[in-house]
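In UniProt numbering, the protein residues as written are 1 to 125.
Here a beta-carbon is modelled for each residue, glycine too, at the ideal position from N, C-alpha and C.
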């Protein structure tokens, strides 16, 4: 389906490719480079989108690595949704969750993957 976002965009978490826009009051359609959205998860300043094709997209604040996109820009944000490289992961992503500065993905094989800030035992090995 279509991806709709609205609300705070102070860290690019809406994925609208307009970092100068801090707030969006009404839902807007966000084009993605991947297949249509299946579900979304919102953290404090980042958003994850599971695609119908089993992929994962991310946008927003990345200072703690919670987007899974490697090193962030000098602004520590990605204001457009980007594909998270999941090639080393067995199976498709079926659901995701986003915390304050960490992210979680569950695959069709039942494996759980976590990344981002691990303070206070948020992320376990």
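With respect to the 8 Å criterion, residue 84 and residue 69 are classified as neighbours on the basis of their beta carbons. Taking 8 Å as the upper bound for CB-CB distance, residue 99 and residue 43 are in contact here, some 6 Å apart. From the listed residues 114, 12, 4 and 86, the smallest Cα separation to residue 66 is found for 114.
Looking from the CA of residue 109, the closest CA among 92, 102 and 38 belongs to 92. Look at residue 26 here: in three-state DSSP terms it is strand. In this model, residue 88 and residue 30 are separated by some 28 Å (Cα to Cα). For the 8 Å CB-CB criterion, residue 101 and residue 41 do not form a contact. Close CB contacts of residue 56 within its chain, under the 8 Å cut and outside five residues either way in sequence, are with 48, 49, 50, 68, 83, 84, 86, 93, 96 and 105 (chain order).
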